[in-house]
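Participant: I have a structure here, written as structure tokens, and I will follow up with some questions on it.
Number of protein chains: 2
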Amino acid sequence: MPQLTPARSRKRATLFASIALIASAAIVVPSAAIAAIGDPGGARRHAGDTTKAVKAQIKGGSAKNVILLIGDGMGDSEITIARNYAFGAAGTLPGIDAMPLTGQYTTYSLYKDGPNKGKPDYVPDSSATGSAWATGTKTYDNAVSVDINGNPRDTILELAKANGYKTGNVSTAEIQDATPAVIVSHVAARSCYGPDSPTCGEDALVEGGLGSISEQLLNTRADLTLGGGSATFTQTAKAGQWNGQTLFEQAAARGYQVVDTAEELAAVGSATQAAPVLGLFTPGNFPTRYAATPATVLGADAPPVTCTENPERLTTELSLESLTTKAISLLKTKKSAKKGFFLQVEGASIDKRDHSADACGQIGETVDFDEAVQVALAFAKKDKNTLVIVTADHAHSSQLVDTTPPTSLSVALTTVEGSVMKVSYGTAAAGSSQQHTGTQLRVAAYGPQAANFVGLTDQTDTFYTMSRALRLDRSLSDLSENASATLSKRTVVPGEIIRLSAKRFNGDRQVSGIIAPASGSLPSPDVLSGKAEWSLTAPTTKGTYTITVEGAQTGTKARVKFVVR
Amino acid sequence: MPQLTPARSRKRATLFASIALIASAAIVVPSAAIAAIGDPGGARRHAGDTTKAVKAQIKGGSAKNVILLIGDGMGDSEITIARNYAFGAAGTLPGIDAMPLTGQYTTYSLYKDGPNKGKPDYVPDSSATGSAWATGTKTYDNAVSVDINGNPRDTILELAKANGYKTGNVSTAEIQDATPAVIVSHVAARSCYGPDSPTCGEDALVEGGLGSISEQLLNTRADLTLGGGSATFTQTAKAGQWNGQTLFEQAAARGYQVVDTAEELAAVGSATQAAPVLGLFTPGNFPTRYAATPATVLGADAPPVTCTENPERLTTELSLESLTTKAISLLKTKKSAKKGFFLQVEGASIDKRDHSADACGQIGETVDFDEAVQVALAFAKKDKNTLVIVTADHAHSSQLVDTTPPTSLSVALTTVEGSVMKVSYGTAAAGSSQQHTGTQLRVAAYGPQAANFVGLTDQTDTFYTMSRALRLDRSLSDLSENASATLSKRTVVPGEIIRLSAKRFNGDRQVSGIIAPASGSLPSPDVLSGKAEWSLTAPTTKGTYTITVEGAQTGTKARVKFVVR
């Protein structure tokens, strides 16, 4: 076999450095080439036997932290297109491709109604797929963590929180979009963003429902929420405890640290149940990294183009990589702590640009997402006790083709290697939304329990693997079963101020209280780490009273008596 | 969480049995449904932690046998479409999905000529991809195990044979098609099937080349070759030792057991170097399992159809499953033997039906291929010393879509679950060939060295992993370095008959001999297990002579002298 001469030796080591340089320039001009891939063995990715290295990655047991990274719409085709463009066909996406354990999973959803109820819908949407990993339950397109019968199913974030973990939710989409919504809310229609949304139906607070996605997000009270979608938070609640206030006012009143700029976020030093972080940096979705390259019929016959930076892109302090870094720094617990965090990070617009047949758009978002994966993986490698999962919710339209297809939309790009790559979109007409596709797709993982993603799984398995890694008790009722209520004083005079404390309502996120006989309801505060407190004024009528505190999620009741004399 | 009641319990266990029943009927009517997949956890594929089970599959070391199964054009989309149709979205392809260790690999090829020489071609053909795993070398579309400079590269089958393994080559295509061709031949243009092929150019024997694919196949002399493509073997050699004879006549003269019916194949009891098996059962490709369902523009808006058996299908004794079973039985060596076999099995027409936008065609071929995988996996599980690899050469056009695309070709099918599945083909016009696509795709493995397929690899890594599993010396020259020549008698009288023996030409497949001075060339026999023999008549002129035996592949020379007195 011929030896590689220095002149022909591979330049992969320097490739990423040059890409990084390029990415900071206004024009993203691919450069550099990979030499010697035509030599025998020149294109292989392993120098030798990886058996021991793979075996060393197989760790059972529990994880202190779980980071779930979702590239929305990022099927194998989208990964390959981004790799080819930015790192070359023989190159490596430094985050996505570095995940050591890999498999495929199925993503189908179910029909909700009629004679097909419960039968597979082979091409799912993002809310059904998100609900699958969020709750372990297959459901219908449009469902946000409710099953095909409309029953809410507890989410991985809710359960992690109830089990004492810190929780975070990061997305480049508006935070009400399906993927961030499924871990913090339960609605029948994914477009039920806020109190003004006409699609909320019975989920609206005014209808006695759980409220819109944004209102439920505030109730779920993750320690950290970062993304877009501030517009909906300017809407005003129409019922409930915060009736008449905007959601931003409500958030502030409930103790949230609300931020909307990179500077404000940089100043945040903690994310806790007492003061969760709510950072919404755009009214809608984040602008993309690269400017759009519209595909057209026979478009790939035109001269190939290169991707350019999108001038609208947010500052890099608000890139998905930066938000992921910040999220981890705010969520990570002390070395001595047994419990860490659950964090979901979504690169949302791979999907959105694929819908728009925008090759550079989806490539930029994939590269962006890959940088977030790198951050998560680097943390996990240092931490040694974190499960990292990198996957997508569903596959998408874009295909790598050899020749320009006759009727599909297409575009030709010049890649980093100086080769021409043709990308085709054939599932919708120009101007219409390209479709998701139903193929199984890649799932990859690192850390404790990661081996559970090797081979073929279903998307719903992800929920169970994450739950097992975090040793979650999945029964909220069990988690509240030791709930109790205590009073600062059991015998009081009329009108005396006393303090009511509820404890160990770990399975609940809010609690209500009723004083009997007939002194009415108490406010329904947020449960912080299992606890809630009220300051009460004793009734003026002498007698014996019972306070019943009830968990909003589990219905668990704790009672305490006091005497007014 | 609700318990599954008996009435709603899953029926997956009985699903495969019912499919088997269906497949034997003339009309393939999907039936049965999967219950309870809408229940929490009802769709998951793992009941619990698989960490130990995965870890138990990680085996380094060497393998006695390697079985490489290629579903041509079988990307993740094709796998999913077949699974959905035949076993349901929550079902399992019993062979493909049972492979325990999985990853993705890249499949790109390289440009051969001009300023782009050596740069990636992002959408490869089957000959470049086959050459990649066959030789570990990336090459250009159209190349059959030659590199971008036209140099032949030794194949895994040639090397396995030279290292003392038995070898086999099975395909449902004509045996000259790219995938079976790449392991037994080296030509610049894949259509160089036989001596009559106009594309052979310098590869033709008459041009002093190595000969057409069929002629090289006979020279390579695998122990077993089963497939289609008998038409080419009726062509007549135009140069060389077998000039004027048909390839079938040549095969018979060289000791091949030539069979063309199921009965004849059943009667074959051994496959050896002395009498290799050449079974060619159709003039061209095998007929497919299911009849074609042509896709049309807006076709998926028509009522959904079910697949029907193809009346032209060969007898099940010649199914890929049956051929694989037969191949393994003929190639497997004794328990006490250190070396086993290398076998490649190709399900060829997944690709061909995808090119034709034929959903039922590709589904039937995938199911057919899956049955061959089951046979290989069952053997490996019993044998405990076999590496099985299941993958594809490249991805293909077919996509699962939600709604009928406006311009792409499409068809709707009713699946085994009674759900409607829409399949779309958008890379070519009606009547034209749908294109391969360039996405990374699934590779899966079982047995020693299987862990090397976990994570991201390139197709060329496959060659090195198989070589390592079989502990192959990849230098044919080294394998012939102890070659020697001996004579039955060193001192002879004029005209005496003597026997010349060549030994340990393990790296060579043919040897030639020259007697000096000036007694001309000897015939060039096949090397059988390193050996070749000639019967010579001593020259009539007295004196001392030197016979030089030269290996055709390595150029290794062995000399022996004799005296005529």
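Heads up: the sequence lines are chains P and L, in that order.
At position 530 of the first sequence (counting the first as 1) the number is 544 in the working numbering, and the numbers step up by one without a gap.
At position 58 of the second sequence (counting the first as 1) the number is 72 in the working numbering, and the numbers step up by one without a gap.
A virtual CB, placed ideally from N, CA and C, is assigned to each residue, including glycine.
Here the structure is a predicted model, which means the values were calculated and not measured.
Specify the secondary structure class of Gly223 (chain P) as computed by DSSP and reduced to three states.
Facilitator: Coil.
Participant: Can you tell me which of the three DSSP states Ser502 (chain P) falls into?
Facilitator: It is coil, neither helix nor strand.
Participant: Which stretch, first to last residue, makes up the alpha helix (DSSP H) that contains Lys366 (chain P)?
Facilitator: Run containing Lys366 (chain P): 363 to 369, per the alpha helix (DSSP H) assignment.
Participant: Does DSSP put Leu484 (chain L) in a helix, a strand or coil?
Facilitator: In this structure, Leu484 (chain L) counts as coil in the three-state DSSP scheme.
Participant: Determine, using beta carbons only, whether Asp135 (chain P) and Leu490 (chain P) come nearer to each other than 8 Å.
Facilitator: Not closer than 8 Å, so no.
Participant: Just checking: is the beta-carbon of Ala84 (chain L) within a distance shorter than 8 Å of some beta-carbon in chain P?
Facilitator: This sequence places Ile at residue 84 (chain L); Ala is not what is there. With 8 Å as the cut-off, Ile84 (chain L) does not count as an interface residue toward chain P.
Participant: Residues of chain L with CB closer than 8 Å to the CB of Lys366 (chain P), please, in chain order.
Facilitator: Near Lys366 (chain P) there are no residues of chain L at all, since even the closest Cβ is about 17 Å away, more than 8 Å.
Participant: Which value, in whole angstroms, describes the spacing of the CA atoms of Trp147 (chain P) and Thr474 (chain P)?
Facilitator: Cα-Cα distance, rounded: 5 Å.
Participant: In chain L, which residues lie with their C-beta within 7 Å of the C-beta of Leu455 (chain P)?
Facilitator: Within chain L, the residues near Leu455 (chain P) are Asp90.
Participant: Would Thr425 (chain L) pass as a contact of Thr234 (chain L) if the rule is Cβ separation under 8 Å?
Facilitator: Note that residue 425 (chain L) is Val in the sequence shown, not Thr. No, the Cβ-Cβ distance between Val425 (chain L) and Thr234 (chain L) is not below 8 Å.
Participant: Answer with yes or no whether the minimum CB distance from Ser199 (chain P) to chain L is below 8 Å.
Facilitator: No, no contact with chain L.
Participant: Using a Cβ cut-off of 7 Å, which residues of the segment 116 to 130 of chain L contact any Cβ in chain P, in chain order?
Facilitator: Within the segment 116 to 130 of chain L, the qualifying residues are Thr116, Gly117, Gln118, Thr120, Tyr122, Leu124, Asn130.
Participant: Beta-carbon within less than 7 Å of Lys152 (chain L)'s beta-carbon, same chain only, minus the 5 sequence neighbours each way: which residues are those?
Facilitator: So the list reads Ser123, Leu124, Ala146, Thr474, once near-sequence residues are dropped.
Participant: In chain order, what residues of the same chain lie with their CB nearer than 8 Å to the CB of Ala187 (chain P), ignoring the 5 residues before and after it?
Facilitator: Closer than 8 Å at the Cβ level, and outside the excluded window around Ala187 (chain P), lie Asp86, Thr193, Pro194, Gly241, Gly242, Gly243, Asn299, Phe300, Glu360, Ala362, Ser363, Lys366.
Participant: Strictly under 8 Å for the Cβ-Cβ distance: is Met480 (chain L) near chain P by that measure?
Facilitator: Not closer than 8 Å to any Cβ of chain P, the Cβ of Met480 (chain L) fails to qualify, so no.
Participant: Does DSSP put Val389 (chain L) in a helix, a strand or coil?
Facilitator: Helix at Val389 (chain L).
Participant: Within its chain, find whatever has a CB closer than 8 Å to the CB of Phe576 (chain L); leave out the 5 residues flanking it on each side and keep chain order.
Facilitator: Only Leu501, Lys503, Arg504, Thr505, Val506, Ile512, Ala552, Thr558, Tyr559, Ile561 meet the Cβ criterion.
Participant: For Val574 (chain P), which residues from the same chain have a beta carbon less than 7 Å from its beta carbon, with the 5 sequence-adjacent residues on both sides left out?
Facilitator: Within the same chain, Val574 (chain P) has close Cβ partners Ala499, Thr500, Leu501, Ile561.
Participant: Along chain P, in chain order, which residues have C-beta atoms closer than 9 Å to that of His408 (chain L)?
Facilitator: Those do not exist, as His408 (chain L) stays about 10 Å from chain P at its closest Cβ, beyond 9 Å.
Participant: Against chain L, does His369 (chain P) count as a neighbour if the rule is that its beta carbon must be under 8 Å from one of theirs?
Facilitator: It does not; no Cβ of chain L falls within 8 Å.
Participant: May I ask you to list, following chain order, the residues of the segment 198 to 221 of chain P that have a beta carbon less than 8 Å from some beta carbon of chain L?
Facilitator: Going along the segment 198 to 221 of chain P in chain order, one finds no residue with a Cβ nearer than 8 Å to chain L.
Participant: Please give the ranges of any beta strand (DSSP E) in the segment 189 to 255 of chain P, keeping only runs that are unbroken, at least 3 residues long and fully inside the region.
Facilitator: Entirely contained in the segment 189 to 255 of chain P, the beta strand (DSSP E) runs reaching 3 residues are, in chain order, 238 to 242.
Participant: Considering only their Cβ atoms, is the gap separating Thr116 (chain L) from Ala351 (chain L) smaller than 8 Å?
Facilitator: Contact: no.
Participant: Kindly indicate which residue of P:Val415, P:Ser438, P:Ala442 has the alpha-carbon position closest to the one of Thr417 (chain L).
Facilitator: The shortest C-alpha separation from Thr417 (chain L) is found at P:Ala442.
Participant: Could you spell out the range, first to last residue, of the beta strand (DSSP E) harbouring Asp472 (chain L)?
Facilitator: 469 to 472 is the span of the beta strand (DSSP E), which, as asked, contains Asp472 (chain L).
Participant: Let's test the definition: count the other Cβ atoms within 10 Å of the Cβ of Val201 (chain P) and tell me whether it reaches 16, buried, or not, exposed.
Facilitator: Classification for Val201 (chain P): buried.
Participant: List the whole-angstrom C-beta distance separating Leu484 (chain L) from Val80 (chain L), where the pair is believed to meet the contact cut-off of C-beta under 8 Å.
Facilitator: With 8 Å as the limit, Leu484 (chain L) and Val80 (chain L) qualify as a contact, their Cβ atoms being about 6 Å apart.
Participant: Between the segment 556 to 578 of chain L and chain P, which residues of the former have CB atoms less than 7 Å from a CB of the latter, in chain order?
Facilitator: The segment 556 to 578 of chain L vs chain P, Cβ under 7 Å: nothing.
Participant: Tell me which residues share the same chain as Lys340 (chain L) and place their Cβ nearer than 7 Å to its Cβ, disregarding the 5 neighbours each side in the sequence.
Facilitator: Excluding sequence neighbours, Lys340 (chain L) sits near Leu279.
Participant: Looking only at its own chain, which residues have a Cβ that is under 6 Å from the Cβ of Gln118 (chain P), when we skip the five neighbours before and after it?
Facilitator: If we look at Gln118 (chain P) and ignore the five residues flanking it on each side, its Cβ neighbours are Gln454, Leu470.
Participant: Comparing C-alpha positions only, which one of P:Ala465, P:Thr479, P:Leu550 sits nearest to Val68 (chain P)?
Facilitator: Val68 (chain P) has its Cα closest to that of P:Ala465, out of P:Ala465, P:Thr479, P:Leu550.
Participant: If you follow the beta strand (DSSP E) that Arg97 (chain L) is part of, which residue opens it and which one closes it?
Facilitator: Careful: Arg97 (chain L) lies outside any beta strand (DSSP E), inside the alpha helix (DSSP H) at 90 to 101.
Participant: What residue range does the alpha helix (DSSP H) around Ser284 (chain L) cover?
Facilitator: That residue, Ser284 (chain L), is in no alpha helix (DSSP H); it is neither H nor E in DSSP.
Participant: List the residues of chain A that Pro114 (chain L) touches, going by C-beta distances under 8 Å, in chain order.
Facilitator: Looking at the structure shown, chain A is missing, and the protein chains on hand are P and L.
Participant: So, does the CB of Asn98 (chain P) fall closer than 8 Å to a CB anywhere in chain L?
Facilitator: Closer than 8 Å: yes.
Participant: Can you tell me the Cα-Cα spacing of Leu344 (chain P) and Gly354 (chain P), whole angstroms?
Facilitator: Answer to the nearest angstrom: the Cα atoms are 11 Å apart.
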